[in-house]
Amino acid sequence: MSTASTPDAPPARAARRPRSVRQRSYGVARWLHVYTSMISLLIVLFFSATGVLLNHPDWTLGSTETRSTVTGTLPADWRAGNAVDWLKVTRALETRGLHGTAGDYRADPGGDTLSFRAPGYSADVTIDPATGTYTANVDSQGWVAAMGDLHRGRDSGSAWSVALDLAGYFLILISLTGLAMLLYLKKLRASALLALLGGSVAVGLLMHFAL
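With positions in the sequence shown counted from 1, the corresponding number in this note's numbering is that position plus 135.
So this is what it looks like as structure tokens:
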């Protein structure tokens, strides 16, 4: 009498060894490096391109500078007694096409003045205190100059200032995580440290001769 053979039970899987702190740290560094690279590469591309343009101010790339004059008369309530209502003045001038951050307010018997500043743009306004008529000298320097001002964070407002801070943090993070990954890989550790040392010396020498 034959008995049916029973299939062999599958071998038990070996228990997975817990990852060491070093391995977990490498995994976190790699994850951060990959995802911050997506943003950081765009940041590097922008600042690299605009940095080249800043280094060659004669490259206009079809961008042209235009200068114009805007004249008009402010609303009757632009003054509150003997004081200038700068908010009303600013709003009135913005309706005439002036834009950017308003500032440099100055009340003077010879003429009240203020200015508007934005990347690649400036407008200097003079107001006749007696009549409320104004003259604005507007200088639009073109998109190349605007990109240069954005690169430097000049006349770009608080929102762009925050964006520059975030860009700096992203670049710091991607640099540190990339360095951590290189230090984890034993085969590349020595050459990576030598390259880091050589690059640091080269940059230091360039800064020394530039100053």
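Think of the CB as a built atom: it goes at the ideal place given N, C-alpha and C, for glycine as much as any other residue.
Would you kindly work out how many angstroms separate the C-alpha atoms of residue i and residue j, rounded to a whole number?
i: His286; j: Lys223; result: 32 angstroms
i: Leu165; j: Pro153; result: It is worth fixing the name first, because residue 165 is Arg in this sequence and not Leu. Answer to the nearest angstrom: the Cα atoms are 19 angstroms apart.
i: Leu249; j: Glu229; result: 12 angstroms
i: Gly351; j: Thr268; result: Absent from the model: residue 351. The displayed extent of the chain is 136 to 346, so no value can be given.
i: Ser155; j: Val338; result: 37 angstroms
i: Pro192; j: Gln276; result: 12 angstroms
i: Thr270; j: Gly292; result: 24 angstroms
i: Trp278; j: Gly303; result: 24 angstroms
i: Lys321; j: Gly255; result: 49 angstroms
i: Tyr170; j: Leu177; result: 12 angstroms
i: Thr312; j: Arg157; result: 14 angstroms
i: Ala345; j: Leu188; result: 19 angstroms
i: Tyr161; j: Ala280; result: 43 angstroms
i: Leu299; j: Gly288; result: 7 angstroms
i: Arg324; j: Gly334; result: 15 angstroms
i: Ala294; j: Leu317; result: 35 angstroms
i: Asp284; j: Ala237; result: 17 angstroms
i: Gly342; j: Leu308; result: Contrary to the premise, residue 342 reads as Met rather than Gly in this sequence. One C-alpha to the other measures close to 24 angstroms.
i: Thr225; j: Thr266; result: 17 angstroms
i: Trp213; j: Gly232; result: 18 angstroms
i: Leu196; j: Asn190; result: 14 angstroms
i: Ala211; j: Trp221; result: 13 angstroms
i: Val163; j: Ser310; result: 14 angstroms
i: Ala315; j: Met282; result: 34 angstroms
i: Leu301; j: Leu180; result: 15 angstroms
i: Leu340; j: Pro264; result: 56 angstroms
i: Leu209; j: Trp194; result: 39 angstroms
i: Ser326; j: Arg159; result: 23 angstroms
Looking at the strands, I want to know which residues DSSP matches up with residue i.
i: Phe182; result: BP columns for Phe182 are empty, so no partner.
Counting only the same chain and skipping the five closest in sequence on each side, list residues whose C-beta sits under 8 angstroms from that of residue i.
i: Phe305; result: Thr171, Ile174, Ser175 and Ile178
i: Gly235; result: Phe251, Arg252, Ala253, Tyr256, Ser257, Ala258 and Asp290
i: Ser296; result: Gly288
i: Thr204; result: Thr270, Ala271, Asn272 and Val273
i: Val336; result: none
i: Arg202; result: Asn272, Val273, Asp274 and Ser275
i: Ala227; result: Leu209, Pro210 and Trp213
Excluding the five sequence neighbours on either side, which residues of its own chain have a C-beta within less than 6 angstroms of the C-beta of residue i, listed in chain order?
i: Ile262; result: Asp247 and Tyr269
i: Val260; result: Leu249, Tyr269 and Ala271
i: Tyr319; result: Tyr161
Short of 7 angstroms in beta carbon distance, which residues of its chain neighbour residue i, apart from the five on each side in sequence? Order them along the chain.
i: Thr199; result: Gly277
i: His168; result: Ile309, Thr312, Gly313 and Met316
I'd like to confirm something about residue i: is its beta-carbon nearer than 8 angstroms to some heavy atom of the ligand NAP, or not?
i: Gly216; result: Because no ligand of any kind appears in the structure shown, any question about the ligand NAP cannot be addressed here.
Mind checking if residue i is an interface residue toward chain B, Cβ cutoff 9 angstroms exclusive?
i: Gly207; result: No chain B appears in this structure, which consists of one protein chain only.
Within 8 angstroms, do at least three Cβ pairs link the segment 324-339 to the segment 183-190?
no
At which residue ranges does the segment 256-337 contain complete beta strand (DSSP E) runs of 3 or more residues, listed in the order of the chain?
256-262 and 268-275
Is it a yes or a no for the segment 234-252 touching the segment 209-224, going by three-plus beta-carbon pairs under 8 angstroms?
yes
Which runs of the alpha helix (DSSP H) at least 4 residues long sit entirely within the segment 195-266? Give them in chain order.
221-229
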